[in-house]
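Okay, structure first, notes after.
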Amino acid sequence: MLHFKQNQLTVFQSALYKTTTAIIETDEAIILTDPNWLPEEVTQIKAYINDRLGHKQLYIIVTHSDFDHLIGLGAFPKAKIIASDLLAHHENKDQIVKEMNDFDQTYYLTRDYTHQFPKVDEVIKKDGQQLRLGDTNLTFHLAPGHTKDGLFTLIEPHGIFLAGDYLSDVEFPFIEDSYSAYVNTMETVATLLKQHSIHYLVPGHGHVADDRSDISDRLKWSMHYLKQLRVNPDQLENECRKRYPFFKAMKNSHVTNIKRATNEFD
Ligand SMILES: [Zn+2]
11 MLHFKQNQLT
21 VFQSALYKTT
31 TAIIETDEAI
41 ILTDPNWLPE
51 EVTQIKAYIN
61 DRLGHKQLYI
71 IVTHSDFDHL
81 IGLGAFPKAK
91 IIASDLLAHH
101 ENKDQIVKEM
111 NDFDQTYYLT
121 RDYTHQFPKV
131 DEVIKKDGQQ
141 LRLGDTNLTF
151 HLAPGHTKDG
161 LFTLIEPHGI
171 FLAGDYLSDV
181 EFPFIEDSYS
191 AYVNTMETVA
201 TLLKQHSIHY
211 LVPGHGHVAD
221 DRSDISDRLK
231 WSMHYLKQLR
241 VNPDQLENEC
251 RKRYPFFKAM
261 KNSHVTNIKR
271 ATNEFD
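Each number in my numbering corresponds to the 1-based position in the sequence shown with 10 added.
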């Protein structure tokens, strides 16, 4: 599962949808994002953490409420959970838990924990909220557009940007919340890139970007996609077909995106 390792950052990647789990080790704590998907994969992540945790506190950042990002949480009952206020007060927690259980039913999967909706210990209520862990500073930004409860985390001084389901190299933007919110969230990224030295971008699906031009190309492409969605969605579809090896499986999301972008401006 090991996908990337450099300095404080280790990233595991699931066999399913190239979903990532980022692990950041500091002197005081271990910070994890969205442990996932398959039982063996979650066990592997847990073993990695157990080998290193010692007396440190484990924090898990839940980047947003899509069930694939919550499915491994039950394996870490002692972790302190960080998530947005909107996630903490999600309107349909039972539905998310049902999706996790349905997934396990479909593939005959058994786990040594039961699925629950997370109880959030550190609720992120406002943009720019911070959490200091020894020498490490976590700054959170609300990131609606994909889902309304999305959360960005910037970890300094290490220059690690945890983007959740944004800025992926294997998926175009999936707009499940709102087109205009998505555009605003990309503008937040542009500001963060200007104001901070970001060395690593970890998307929720796909590969780590670890140089400035790769990171800013991801942003440029997302902006381009959002713009073209309203101007020339058919040409955009052709571009996506070339760019994304799994486009066939994602085509419906492109169609939904077009409808959403159109409806919001009509
Ligand atoms: Zn996802």
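Backbone N, C-alpha and C fix where the C-beta goes; we use that ideal spot for every residue, glycine too.
- Counting along the chain, residue 13 sits inside the beta strand (DSSP E) bounded by residues 12-16.
- Sequence-distant Cβ neighbours of residue 179 in its own chain, meaning closer than 6 Å and more than five residues away, are 216 and 217.
- Excluding residues up to 5 positions away in sequence, nothing lies with its Cβ nearer than 7 Å to the Cβ of residue 222 in the same chain.
- With respect to the 8 Å criterion, residue 33 and residue 20 are classified as neighbours on the basis of their beta carbons.
- Taking the Cα of residue 132 as reference, the smallest distance to any Cα among 270, 191, 149 and 123 is reached at 149.
- For the 8 Å CB-CB criterion, residue 151 and residue 192 do not form a contact.
- Shown here for residue 237: not one same chain residue has a beta carbon closer than 8 Å to its own, the five before and five after excluded.
- Distance from the Cα of residue 36 is smallest, within the candidate group 59, 224 and 184, for 59.
- The beta strand (DSSP E) runs of length 3 or more contained entirely in the segment 13-91 are, from start to end of the chain, 19-23, 30-35, 39-43 and 67-71.
- Ligand 1 has no heavy atom closer than 7 Å to the beta-carbon of residue 201.
- With a cutoff of 7 Å, residue 214 counts as near ligand 1, since its C-beta is closer than that to a heavy atom of the ligand.
- Going by DSSP, residue 166 is part of the beta strand (DSSP E) stretching over 161-166.
- In this structure residue 159 touches residue 100 by the C-beta definition: roughly 7 Å separates them, less than 8 Å.
- Each of 49, 176, 118 and 71 was checked against the Cα of residue 232, and the nearest Cα belongs to 176.
- The DSSP assignment places complete alpha helix (DSSP H) segments of no fewer than 4 residues inside the segment 174-227 at 189-205, in order along the chain.
- Within the chosen limit of 7 Å, ligand 1 reaches the beta carbon of residue 29 through at least one heavy atom.
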